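Enquirer: I'd like to ask you about the structure that follows.
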Amino acid sequence: MDLGRRILEQKEVLYAETEDLYEDEVAQLESLPTAFKEGTWSQEDIEWIIEWKVGKAFEKPVLRYFRNNDDAVIRDNIERAVHESNIRTKVESLTSLSGVGVPVASAILLFINPDRFTVIDERAWRVLYETGYLTQELSDDPTVEEYLIYLGACWALSNEYDVSLRALDMALWAFDTEDTITSD
Numbered sequence: 001m002d003l004g005r006r007i008l009e010q011k012e013v014l015y016a017e018t019e020d021l022y023e024d025e026v027a028q029l030e031s032l033p034t035a036f037k038e039g040t041w042s043q044e045d046i047e048w049i050i051e052w053k054v055g056k057a058f059e060k061p062v063l064r065y066f067r068n069n070d071d072a073v074i075r076d077n078i079e080r081a082v083h084e085s086n087i088r089t090k091v092e093s094l095t096s097l098s099g100v101g102v103p104v105a106s107a108i109l110l111f112i113n114p115d116r117f118t119v120i121d122e123r124a125w126r127v128l129y130e131t132g133y134l135t136q137e138l139s140d141d142p143t144v145e146e147y148l149i150y151l152g153a154c155w156a157l158s159n160e161y162d163v164s165l166r167a168l169d170m171a172l173w174a175f176d177t178e179d180t181i182t183s184d
């Protein structure tokens with residue numbers, strides 16, 4: 001299977017058809033960027049993002065760690081991630097919160113600005129690695145540096161195939177491990 005605009009569009013549709021939280025995700029993508037910009041987001045919004053990213057199997061332990069953060073610290077770090085211009089600083093601000101690793105930080109950034117950020121994920125990384133867009137495998141505990149490399153590759157692909165970052169993200173996630181991938 002070729003990694004090109006046509007297959008990305010097909011995989012995006014597959015994502016929408018198979019992802020259980022797709023409708024909630026679309027609704028959150030419509031409302032949360034404004035809430036972050038205006039400072040009207042809530043801790044419940046952040047917890048929804050965490051649940052969306054980590055899934056049912058891991059949400060309780062991750063949320064337990066996250067809830068150990070002081071509310072003021074959460075607000076300060078999220079606001080810093082919203083308003084800081086440096087991506088590394090944004091990610092580091094988020095990952096300094098208990099329970100937030102780079103993958104969850106990338107998910108929060110997606111909902112802050114879906115036109116600029118995408119979610120690092122082992123499935124999507126594997127597709128980019130197998131097609132030669134990334135030259136190394138993803139570590140077990142993704143780093144800020146890996147996210148920056150991944151984000152750069154996604155920006156390049158988004159431009160190359162003229163698809164939004166969110167469409168690219170959904171398509172990459174929807175690739176089945178049994179798909180044969182080649183770059184065109």
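177 is the number that UniProt numbering gives to position 177 of the sequence shown; each next residue is one higher, with no gaps. C-beta: ideal position from N, C-alpha, C; glycine also. Bear in mind the structure is a predicted one, so any value in this text is a computation, not a measurement.
(1) With three or more C-beta pairs closer than 8 Å as the rule, is the region 113-121 touching the region 157-170?
(2) Along the alpha helix (DSSP H) that carries W41, what are the first and last residues, could you check?
(3) Helix, strand or coil: how does DSSP classify S164 here?
(4) Taking the straight line between their C-alpha atoms, what separation do you get for S158 and P142?
(5) Give the range of the alpha helix (DSSP H) segment to which F111 is assigned.
(6) Can you list, in chain order, the residues of its chain whose CB lies under 6 Å from that of L29, leaving out five sequence neighbours each side?
(7) Are the CB atoms of L63 and I74 within a distance shorter than 8 Å?
(8) Three or more beta-carbon pairs under 8 Å between the region 124-133 and the region 103-112, yes or no?
(9) Should F66 and E84 be called a contact, given that it needs their Cβ atoms to be closer than 8 Å?
(10) On the three-state DSSP scale, how would you describe R67?
(11) Following a CB-centred definition, is V100 positioned closer than 7 Å to any heavy atom of the ligand GDP?
(12) Let me know the secondary structure DSSP gives P142 once reduced to three states.
(13) Rounded to the nearest angstrom, how far is the Cβ of E160 from that of I120, given a contact under 8 Å?
(14) Classify N77: buried if its beta carbon has 16 or more other beta carbons within 10 angstroms, exposed otherwise.
(15) Use the C-beta contact count for D70: other C-beta atoms within 10 angstroms, 16 or more gives buried, fewer gives exposed.
Expert: Considering the structure as presented:
(1) yes
(2) Per DSSP, W41 belongs to no alpha helix (DSSP H) and is neither H nor E.
(3) coil
(4) 22 Å
(5) 102-112
(6) Only P114 meet the Cβ criterion.
(7) no
(8) no
(9) no
(10) Coil at R67, not helix or strand.
(11) Although the ligand GDP was asked about, the structure shown includes no ligands whatsoever.
(12) coil
(13) Not really, about 19 Å apart at Cβ, beyond 8 Å.
(14) buried
(15) exposed
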